[in-house]
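Asks: First the structure, then my questions, so here it is.
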Amino acid sequence: MEKRVIVIPAYNEEKTIGDAVRGALHVADRVLVVDDGSSDRTSEIAAAAGAAVVRHAVNRGLGGALGTGIEGALRLGADAVVTMDADGQHRAEDAKAAFDRLAEGDVDFVIGSRMLEGKGNMPARRRFAQFLGNALTFVLFRKWVSDSQSGLRGMTRHAAERIRLRSSRMEVSSEFVKEIVDKRLRLAEIPIEAIYTDYSLSKGQSFAVGIQTALKLILRRLLD
Amino acid sequence: MTVIQILLAVFAAFGFLAAVSRFRRGGIGLKQLTLWTLLWGAVIVVVLRPETTSDIARRLGVGRGADVVVYLSIAALFYLQFRLFARVEDQERQITKLARELALKDLKE
Chain E
1 MEKRVIVIPA YNEEKTIGDA VRGALHVADR VLVVDDGSSD RTSEIAAAAG AAVVRHAVNR
61 GLGGALGTGI EGALRLGADA VVTMDADGQH RAEDAKAAFD RLAEGDVDFV IGSRMLEGKG
121 NMPARRRFAQ FLGNALTFVL FRKWVSDSQS GLRGMTRHAA ERIRLRSSRM EVSSEFVKEI
181 VDKRLRLAEI PIEAIYTDYS LSKGQSFAVG IQTALKLILR RLLD
Chain R
1 MTVIQILLAV FAAFGFLAAV SRFRRGGIGL KQLTLWTLLW GAVIVVVLRP ETTSDIARRL
61 GVGRGADVVV YLSIAALFYL QFRLFARVED QERQITKLAR ELALKDLKE
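This is how it looks when you write it as structure tokens:
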């Protein structure tokens, strides 16, 4: 049986990390939490819930934490890696669906899309920001993904070994798409359902951060 | 000679001396020392003999000498800004690498 590892990057998520880990353990062999330099009890709670925990000494941002998590999952001997958010917006069964889709063997990478089904539950402002993110990702990297900013992704070991993340912050979501294109990985999107709570909404990208992310992406594209 | 000329020339001389002392301490390489020497040298020439800029301006087809100085300064600032941006990005990446290595050091299968 293949080894399934779920990676959860977390920064000050003590309220939700425990449940996220316990849920993830139902559908994976190991759960690896990357504590991105939290000042709260994220690490302790994640470890108590049964996760393997690694900790950044200083906060590096989402991209940095995901890079560490994927590298760590490979060291744990993962055959497949799924990343999930720590804020409780992803359901464990969707992570399982991602693993199962990878196990079919015809794709290297899956992105859990909040837009394929049940898009009704994404708040309108989110949906608009989502569209802008998708459009920019398409213009820059020539690949249309219905949910380019999704935090639920799955990849085979093959894909995980090839993907090189350079972004340290939010632009990492689009960078995955870039890497999928560059490394000629086979991509599938699967429908997922996101659970929006006031908490998870407060944790996402604000409009200002979204603009920053967009600018960084454009700049990087121009400089590369 | 006007007061502003003296002040600017002294400022440039300090800039040059600072570059030399950094070179001596190994802070910058010969290439950078040369660059800074050229830059501060040019500043001193322009400050003490402003008419040289008019000469350059005529050759470049720009109206006045002072305009040439402004244009070139802006170009230089943009370049330095870009270099700084690239360096900061590079350091960010290195810090991430460091944090990653430290974090993963104790991870066992």
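Chains as they are written, first to last, in the numbering used here: chain E, 1 to 224; chain R, 1 to 109.
Every residue, glycine too, gets a C-beta built ideally from N, C-alpha and C.
(1) Please report the distance separating the alpha-carbon of residue 40 of chain R from that of residue 213 of chain E.
(2) Ordered along the chain, which non-local residues of its own chain (more than five positions away) have a Cβ less than 7 angstroms from that of residue 221 of chain E?
(3) Return no unless some Cβ of chain E is closer than 8 angstroms to the Cβ of residue 75 of chain R.
(4) Do residue 78 of chain E and residue 5 of chain E have their C-beta atoms closer together than 8 angstroms?
(5) Would residue 75 of chain E count as contacting chain R if we go by Cβ distances under 8 angstroms?
(6) I'd like the span of the alpha helix (DSSP H) that includes residue 58 of chain R, first residue to last.
(7) Could you tell me the alpha carbon to alpha carbon distance between residue 16 of chain E and residue 182 of chain E, rounded to whole angstroms?
(8) Just list the beta strand (DSSP E) runs in the segment 134-188 of chain E, keeping only unbroken ones of 3 residues or longer that don't cross its boundaries, in chain order.
(9) Can you grab the Cα-Cα spacing for the pair residue 138 of chain E / residue 67 of chain E, in whole Å?
(10) Please report the distance separating the alpha-carbon of residue 7 of chain E from that of residue 73 of chain E.
(11) Note down the Cα distance separating residue 147 of chain E from residue 4 of chain R, rounded to an integer number of angstroms.
(12) At a Cβ threshold of 8 angstroms, is residue 68 of chain E touching chain R?
(13) Assuming residue 12 of chain E and residue 40 of chain E form a contact by the criterion Cβ under 8 angstroms, report the distance between their Cβ atoms to the nearest whole angstrom.
(14) Am I right that residue 111 of chain E and residue 165 of chain E are in contact with their C-beta atoms under 8 angstroms? What's the rounded C-beta distance?
(15) Could you check whether the segment 45-58 of chain E touches the segment 151-171 of chain E, counting it as contact only if at least three pairs of C-beta atoms, one from each stretch, sit closer than 8 angstroms?
(16) Could you check the C-alpha separation between residue 12 of chain R and residue 87 of chain R for me, to the nearest Å?
(17) With 8 angstroms as the threshold, decide whether the Cβ of residue 84 of chain R is near any Cβ in chain E.
(18) Cβ of residue 102 of chain R less than 8 angstroms from any chain E Cβ?
(19) Assign residue 50 of chain E to one of three DSSP states: helix, strand, or coil.
(20) Can you list, in chain order, the residues of the segment 150-171 of chain E whose Cβ is nearer than 8 angstroms to any Cβ on chain R?
Replies: The answer reads as follows:
(1) A direct Cα-to-Cα measurement between residue 40 of chain R and residue 213 of chain E gives close to 38 angstroms.
(2) Within the same chain, 140 come within 7 angstroms of residue 221 of chain E by CB-CB distance, once the 5 residues on both sides are set aside.
(3) So no, residue 75 of chain R is outside the interface.
(4) yes
(5) So yes, residue 75 of chain E belongs to the interface.
(6) 51-60
(7) 35 angstroms
(8) Listed in chain order, the complete beta strand (DSSP E) runs (minimum 3 residues) inside the segment 134-188 of chain E are 153-156.
(9) In this structure, the CA atom of residue 138 of chain E is about 23 angstroms from the CA atom of residue 67 of chain E.
(10) 7 angstroms
(11) 60 angstroms
(12) yes
(13) 5 angstroms
(14) Rounded, the Cβ-Cβ distance is 15 angstroms, inconsistent with contact.
(15) no
(16) 25 angstroms
(17) no
(18) yes
(19) coil
(20) 166, 168
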